[in-house]
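Q: Residue numbers (our numbering): 314 to 467. The beta-carbon is built from N, C-alpha and C at its ideal position, and this holds for glycine as well. None of the values given here were measured: they were computed from a predicted structure.
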């Protein structure tokens, strides 16, 4: 039977970082634009400060996420991970829209939590959001700490 790769960390897969950048960038731009519409100086200054704070927050958040992602990638590329292989047992499932803890699965006697709504690097797609780590699937995962760096299944 063919082995499929569901996820493998690379140096360039920054999906969560891009969404964070877009969110803060749009907020900062909108606040900055709205600030010019006000005639009163105190309203302008207040909104300009919020726009600057959103821009700085975006820069810091994206910088932190990039460093976190590159650290996880370096662990993978240096072979600093554990491999677990076996049949997936689902102990808890996260609803599609969240508001609950993530999926709790067990592979080869080790438990992993997959929370779709986190922005950590690594695989974190829950079953309700079309994740592949479902009950009865044979899977191999490469793990560093709590991060799933590579997920293979059949």
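#1: Would you decide whether residue 439 is buried or exposed? Buried here means 16 or more other CB atoms lie within 10 Å of its CB.
#2: Just confirm the distance between the C-beta atoms of residue 441 and residue 408, as a whole number of angstroms; I'd bet it's less than 8 Å.
#3: Rounded to a whole number of angstroms, what is the C-alpha to C-alpha distance between residue 318 and residue 429?
#4: Suppose you measure from the CA of residue 482 to the CA of residue 462; what does that come to, to the nearest Å?
#5: Use the C-beta contact count for residue 404: other C-beta atoms within 10 angstroms, 16 or more gives buried, fewer gives exposed.
#6: Taking the continuous beta strand (DSSP E) assigned at residue 399, which residues delimit it?
#7: What does the alpha-carbon distance come out to for the pair residue 418 and residue 348?
#8: Could you pull the start and end residues of the beta strand (DSSP E) that residue 462 belongs to?
#9: Give the DSSP bridge partners of residue 457, in chain order.
#10: From the DSSP output, in three-state form, read off residue 430 for me.
#11: Helix, strand or coil: which one does DSSP assign to residue 350?
#12: So, at 6 Å on beta carbons, what are the nonlocal neighbours of residue 427 in its own chain, with the 5 sequence-adjacent residues on each side left out?
#13: Which whole-angstrom value is the C-beta distance of residue 448 and residue 421, which I expect to be below 8 Å?
#14: Would you say residue 337 and residue 376 are within 8 Å of each other, going by their C-beta atoms?
A: Looking at the coordinates:
#1: buried
#2: About 6 Å separates the beta carbon of residue 441 from that of residue 408, a gap short enough to meet the 8 Å contact definition.
#3: 18 Å
#4: There is no way to answer for residue 482, as the model of the chain reaches only from 314 to 467.
#5: exposed
#6: 395 to 400
#7: 49 Å
#8: 460 to 466
#9: The partner list for residue 457 (beta bridge, DSSP) reads 460.
#10: coil
#11: The answer is coil: DSSP assigns residue 350 none of H, G, I, E or B.
#12: Same-chain partners within the cutoff: 415, 416, 437 and 439.
#13: 15 Å between Cβ atoms; not a contact.
#14: no
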